[in-house]
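Enquirer: Okay, handing you the structure first.
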Amino acid sequence: MSWVEVGSQLWSPRGAELGIGPDGRPTTPVVILTDGLSAPSNDAYTEEPGPVVVVLASSSAEVAPALAERADVVLVERDPDRRAVAVADPLASARALATIVCERPTSSLSLVWLLRSESYRDLRRGLVAESATYSMLLAGEEFQRWREDRPRRSREQAATPRTRVSRDGDVLRVTLTHPSRRNAMDAQMRDELLEALELARWDESLSVVLDADGPCFSSGGDLDEFATTPDPSRAHLIRSTASVGGVLAELSGRVLVRVHGDCFGAGVELPAFAGRVVARPGTTFTLPEISMGLVPGAGGTTSIPRRIGRHRTTWWALSGRTLDASTALTWGLIDATE
Numbered sequence: 050m051s052w053v054e055v056g057s058q059l060w061s062p063r064g065a066e067l068g069i070g071p072d073g074r075p076t077t078p079v080v081i082l083t084d085g086l087s088a089p090s091n092d093a094y095t096e097e098p099g100p101v102v103v104v105l106a107s108s109s110a111e112v113a114p115a116l117a118e119r120a121d122v123v124l125v126e127r128d129p130d131r132r133a134v135a136v137a138d139p140l141a142s143a144r145a146l147a148t149i150v151c152e153r154p155t156s157s158l159s160l161v162w163l164l165r166s167e168s169y170r171d172l173r174r175g176l177v178a179e180s181a182t183y184s185m186l187l188a189g190e191e192f193q194r195w196r197e198d199r200p201r202r203s204r205e206q207a208a209t210p211r212t213r214v215s216r217d218g219d220v221l222r223v224t225l226t227h228p229s230r231r232n233a234m235d236a237q238m239r240d241e242l243l244e245a246l247e248l249a250r251w252d253e254s255l256s257v258v259l260d261a262d263g264p265c266f267s268s269g270g271d272l273d274e275f276a277t278t279p280d281p282s283r284a285h286l287i288r289s290t291a292s293v294g295g296v297l298a299e300l301s302g303r304v305l306v307r308v309h310g311d312c313f314g315a316g317v318e319l320p321a322f323a324g325r326v327v328a329r330p331g332t333t334f335t336l337p338e339i340s341m342g343l344v345p346g347a348g349g350t351t352s353i354p355r356r357i358g359r360h361r362t363t364w365w366a367l368s369g370r371t372l373d374a375s376t377a378l379t380w381g382l383i384d385a386t387e
């Protein structure tokens with residue numbers, strides 16, 4: 050499995066073929082465009098690219114707008130626009146990204162196709178599309194390989210509360226209270242959050258503050274619960290009908306989330322639905338799902354591109370890189386630091 054590098058003037062979206070080998074795996078899942086300074090014409094990029102990940106690596110901040118829009122990731126050296134990511138060496142970074150895609154082509158391509166569809170522009174469509182993709186990947190080879198390398202730990206015998214809910218006038222404060230597991234999001238925490246947020250759904254005078262005890266806001270989904278529902282299609286129904294992200298989006302104008310520490314996965318995706326996200330200095334943000342053979346599954350393929358755009362979301366999720374609070378603020382992932 051490898052990638053193709055080609056100058057932008059020689060590339061045609063129609064020519065971007067995935068290629069499937071005898072074993073059913075893609076042979077060339079990535080195309081790297083090595084020059085984004087010019088394009089044959091805007092008309093050349095009016096159609097959808099082929100079913101490959103398209104990475105544009107340019108030594109200049111100036112790229113052809115039509116070409117940048119058709120790319121999935123845009124890497125430049127400096128002063129990027131909202132679609133681009135500034136890196137020291139765009140071509141080297143593009144090759145590193147291509148290596149990741151070649152290692153996990155199914156989850157990487159699934160992420161790119163999902164974000165290209167722009168289902169995130171409609172909340173319900175976005176959440177359902179993400180959940181269906183996530184359920185499919187739970188049954189896939191890449192996730193199973195990750196699962197085999199990470200044995201599950203024994204579950205707690207006595208369930209302790211995962212949240213603390215209090216009210217002060219018109220403010221409903223919901224605090225994650227499972228610091229011993231770094232506030233990992235399990236089914237119990239999901240259900241407690243939905244129950245607490247239901248109060249604000251019924252009482253429109255309430256504003257919501259969501260924060261957390263312990264060293265971090267949340268380390269993401271509880272890894273020991275991943276794929277414990279025996280039927281992936283049933284898991285899809287559960288995620289689609291019991292979505293904390295969906296409720297946070299519904300209440301977004303009345304929700305403030307305060308995050309801190311090292312935030313992973315759902316600990317990034319859920320706050321992004323809120324109308325306002327405030328981070329402590331030193332907070333970091335990571336999307337690790339591609340390394341597990343999955344895509345973000347707590348609503349992140351809807352909430353995050355709404356904040357930072359499709360292109361940066363694609364780069365961030367594929368690369369697995371950690372964003373600091375300053376970058377998160379510049380990109381719009383968070384609204385303030387304090």
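If you're matching positions, the sequence shown starts at 50 in my numbering and goes up one per residue.
Ideal Cβ placement from N, Cα and C applies to all residues, glycine included.
1) Applying the criterion that 16 or more other CB atoms from any shown protein chain within 10 Å of the CB defines a buried residue, is D217 buried or exposed?
2) Rounded to whole angstroms, how far is the Cβ of V101 from the Cβ of V80, which I believe are closer than 8 Å?
3) Buried or exposed for W365, please, with buried defined as at least 16 other CB atoms from any protein chain shown within 10 angstroms of its CB.
4) Please go through the same chain and pick out, in chain order, the residues whose beta-carbon is closer than 7 Å to the beta-carbon of S156, but skip the five residues on each side of it.
5) Restricting to Cα atoms, I'd like to know which of L160, E179 and G70 is closest to S282.
6) Indicate whether T332 and A374 have their beta-carbon atoms separated by less than 7 Å.
7) Assuming F334 is part of the alpha helix (DSSP H), what are its boundary residues?
8) DSSP has E54 in a bridge; who is on the other side?
9) Here's the rule I'm using: 16 or more other beta-carbon atoms within 10 Å means buried, otherwise exposed. How should T77 be labelled?
10) So, with DSSP's three-state summary, where would you put G68?
11) Can you tell me whether DSSP reads C151 as helix, strand or coil?
12) Per DSSP, which residues does V385 bridge with? Please list them.
13) Please give me, in chain order, every unbroken run of the alpha helix (DSSP H) with length at least 4 that falls completely inside the region 132-212.
14) Does the region 264-273 come close enough to the region 222-232 that 3 or more CB-CB pairs lie under 8 Å?
15) Looking at T371: is its Cβ nearer than 7 Å to the Cβ of T335?
16) Among the residues of its own chain, which have a CB less than 6 Å from the CB of G302, if the five just before and after it don't count?
17) Is DSSP giving L259 helix, strand or coil here?
18) Compute the Euclidean distance between the alpha carbons of L243 and R288, then round it to the nearest angstrom.
19) Just the Cα atoms here: how many angstroms apart are L158 and V125?
20) Please identify the residue among R356, E118 and A115 whose C-alpha is closest to the C-alpha of Y169.
21) In the DSSP assignment, what are the bridge partners of C312?
22) Flag this pair as yes or no: are the beta carbons of R361 and L164 separated by less than 7 Å?
23) Between the alpha carbons of R127 and A106, how many angstroms are there, rounded?
Expert: Straight from the coordinates:
1) Taking the sequence shown and counting its residues from 1, the one referred to as residue 217 is at position 168. Flag for D217 reads exposed.
2) As a position in the sequence shown, residue 101 is number 52, starting the count at 1. As a position in the sequence shown, residue 80 is number 31, starting the count at 1. About 5 Å; that satisfies the 8 Å criterion.
3) Here residue 365 corresponds to residue number 316 of the sequence shown, with the count starting at 1. Residue burial is scored here from C-beta neighbours: W365 has at least 16 other C-beta atoms within 10 angstroms and is therefore classed as buried.
4) To locate residue 156, count along the sequence shown from 1; it is residue 107. Closer than 7 Å at the Cβ level, and outside the excluded window around S156, lie L186, E191, I339, G342, L343 and V344.
5) For the purposes of this step, residue 282 is taken as the residue at position 233 of the sequence shown. When each option's Cα is compared against that of S282, the closest is E179.
6) For this step, residue 332 is matched to residue 283 along the sequence shown. For this step, residue 374 is matched to residue 325 along the sequence shown. Cβ atoms of T332 and A374: closer than 7 Å.
7) Within the sequence shown, the letter at position 285 stands for residue 334. In the DSSP assignment, F334 falls outside any alpha helix (DSSP H) and within the unbroken beta strand (DSSP E) covering T333 to T335.
8) Along the sequence shown, one-based indexing puts residue 54 at 5. Checking the DSSP bridge columns, you'll see E54 partnered with I81.
9) Translated into positions along the sequence shown, residue 77 becomes position 28. Classification for T77: buried.
10) As a first step, residue 68 is located in the sequence shown; it is residue number 19 there, counting from the start. Reduced to three states, the DSSP call for G68 is coil.
11) The residue given as residue 151 occupies position 102 in the sequence shown. It is helical.
12) The count along the sequence shown starts at 1 and reaches residue 385 at position 336. The amino acid at residue 385 is misidentified as Val; the sequence shows Ala. V327.
13) As for any alpha helix (DSSP H) of minimum length 4 sitting wholly inside the region 132-212, the runs are 139-152, 154-165, 172-187 and 190-197, ordered along the chain.
14) Cβ pair count under 8 Å is three or more, so yes.
15) To locate residue 371, count along the sequence shown from 1; it is residue 322. To locate residue 335, count along the sequence shown from 1; it is residue 286. Result yes, Cβ atoms of T371 and T335 sit closer than 7 Å.
16) Working through the sequence shown from its first residue, we reach residue 302 at position 253. Here the set comprises G324.
17) The residue given as residue 259 occupies position 210 in the sequence shown. Three-state result, L259: strand.
18) Numbered from its first residue, the sequence shown carries residue 243 at position 194. Numbered from its first residue, the sequence shown carries residue 288 at position 239. Straight-line spacing of the CA atoms in L243 and R288 works out to 12 Å.
19) On the sequence shown, position 109 is the one that residue 158 refers to. On the sequence shown, position 76 is the one that residue 125 refers to. Taking the straight line from one Cα to the other gives about 22 Å.
20) Position 120 of the sequence shown, counted from the start, is the residue given in the question as residue 169. For Y169, the closest C-alpha among the options R356, E118 and A115 is that of R356.
21) The residue given as residue 312 occupies position 263 in the sequence shown. C312 has F334 as its beta-bridge partners, per DSSP.
22) As a position in the sequence shown, residue 361 is number 312, starting the count at 1. As a position in the sequence shown, residue 164 is number 115, starting the count at 1. For R361 and L164, no; Cβs fall outside 7 Å.
23) As a working mapping, residue 127 is identified with position 78 in the sequence shown. As a working mapping, residue 106 is identified with position 57 in the sequence shown. In a straight line, the C-alpha of R127 is about 12 Å away from that of A106.
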